[in-house]
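Down below is the structure, laid out as structure tokens.
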Amino acid sequence: MANQTWTLPPTTDPYQFLKIHHNPNDTLTRNLEDPHTSPSSDTTLPISVLTKDLTINNSNQTRLRLFLPKKATVSNQNNKLLPLIVFFHGSGFILLSAASTMFHDFCVEMADTVEAVVASVDYRLAPENRLPAAYDDAMEALSLIRSSEDEWLTKYVDYSKCYLMGNSAGATIAYHAGLRVVENVKDLEPLKIQGLILRQPFFGGTQRTESELRLENDPVFPLRVGDLMWELALPIGVERDHEYSNLTAGSGLNEKFEKIKGQGWKVLVSMNGGDPLVDRNKELVKLMEEKDVEVVVDYQEEGFHGVEFFECNENGENLAWEAIGYHVDNHENTNNIHKQRLLEKGIVEVRNEDNVSLPQSLSKKGLEVEIDSKNNILKVKCDVVIVGSGCGGGVTATVLASSGRVHNPSIMRSNGLGFLRESATGKFKHCIWYKTPNPTIAISHNVHNP
């Protein structure tokens, strides 16, 4: 933390940046382009995930969008129950919704890949409804899930395996909901929270951090944009050191962390070195580790705020990244490997591989590779099966490697391309990772589940 409060030059007009106008009656005129996707529960359509909306509070116009993998409805003979991920979208408490296409598609991919039921909360936005409105809506959403008789929940959800997840401001909502839930977990029974999945949580304070100062004019999330979001989200007259925004404010935080530890929750905090929020994310990890909360850290030196929502083509190109001068190195550089990353030397990027080069690349990593040309299958012997893409697979593999139980972890990472898609693996229709006689399997995606 810096030791003084900084006054920064007005280098960015945050209203123009966000395409908003603050009206005298404390409402916003939102001019940001926000395409929406309607839910569909039609099983005859060629879709992998069914979706529908439930009403949380009609007066507040809050809703819960459910995402159910369609395969669960046709292969549920054994009554297999799925974990539940309660997701809170980002955008500074003031923009977008659960129906926004970018968040809808994210939840579809998550439900399909992780094989989980996802419940995306459409909470009230500020400044029309300032904090703690969004935190209250989170609790009301959990209460609805607990008591709802909707078949998608009662028939397919394992209530004992629930995770609270969010990105940016949504991660802050998930965090505050967790602090409330842990005060009296019995109120939500039979719903049982197992952990928090916090992707670049949005915290603030009047004293600037080093990363905030260094990235003051960040093209994705400028400092003054974050300041304006807090100004519009917090109660009128309240500064960023309020407990709704500042990690270290408020009372009883240590006791709540002790209760989180006592409940055995696992907390995943994902952060990127190019995000102005990274220092506050590190501070959260430090506070939790001091209370022996089980924390998994997903730290990537590269990347920026909201990087997971920017799509790449097969050449790793992204117009939005190019516009802000951000570039991804598509080639492995052994001179730039961070020693603390346990799995860096074992990563094989499949994005630029084909059916000839992929087996060769895997063999160079010391893996035993067998090509079944007749069935067009590639077999690779390793200790762990990881289904995932981007940093999600990396996080899972890192956790397993750190445990000491896996000695030859291997990742098939696609950096934005879906794992096991033909576009990512050349002409191979399948890629089978196995160990004889009993495989250890971990399933993950870029949703960062612990």
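Heads up, the sequence shown is in our numbering, so the first residue is 6 and it goes up one at a time. Virtual Cβ for every residue (Gly too), placed ideally from N, Cα, C.
Counting every other CB atom within 10 Å of its CB across the protein chains shown gives Glu38 a total below 16, marking it as exposed. The beta carbon of Leu233 sits closer than 6 Å to those of Pro19, all from its chain and outside the five residues before and after it, given in chain order. Distance from the CA atom of Thr118 to the CA atom of Pro29, rounded to whole angstroms, is 45 Å. Of Ala124, Lys264, Gln205 and Leu258, the smallest CA-CA separation from Val302 is found for Gln205.
Boundaries around Arg185 are those of the alpha helix (DSSP H), Ala174 to Val186, since no beta strand (DSSP E) includes it. DSSP, read as helix, strand or coil, puts Glu299 in strand. In this structure, Ala139 keeps its C-beta atom at 8 Å or more from the C-beta atom of Ile202. Here DSSP, grouped into helix, strand and coil, assigns Phe207 to coil.
Here Phe98 is actually not in contact with Ala124; their C-beta atoms are around 19 Å apart, not less than 8 Å. Note on Thr67: 16 or more other CB atoms within 10 angstroms of its CB, so buried under the neighbour-count rule. The bridge partners DSSP lists for Lys57 are Leu71. In this structure the region 257 to 271 does not touch the region 158 to 165; the number of beta carbon pairs closer than 8 Å is below three.
In this structure, the alpha-carbon of Arg70 lies about 7 Å from that of Thr56. Separation of the CB atoms of Leu89 and Ala121 is rounded to 7 Å, and the pair is thereby assigned contact status at 8 Å.
With a 10 Å radius around the Cβ and a threshold of 16 neighbouring Cβ atoms, Gly210 comes out buried. One alpha carbon belongs to Glu375, the other to Gly231, and they sit about 52 Å apart. The Cβ atoms of Asp284 and Thr214 sit closer than 8 Å to each other. DSSP places Ser148 within a helical segment (H, G or I) once states are collapsed to three. Among the bridge pairs identified by DSSP, Ala124 is matched with Leu71 and Val91. Residue nearest to Ser45 within the set Phe72, Thr32 and Leu33 is Phe72 (criterion: CA-CA distance).
Distances from the CA of Gly171 to each of Gly183, Leu59 and Leu258 were compared; the closest alpha carbon is that of Gly183. Partner residues in the beta bridge of Met170, as assigned by DSSP, are Phe92 and Ile202. Residue pairing from DSSP leaves Thr106 without any beta-bridge partner. With 16 or more neighbouring CB atoms inside 10 Å of its own CB, Leu169 falls in the buried class.
For Leu33, the uninterrupted beta strand (DSSP E) run begins and ends at Leu33 to Arg35, by DSSP.
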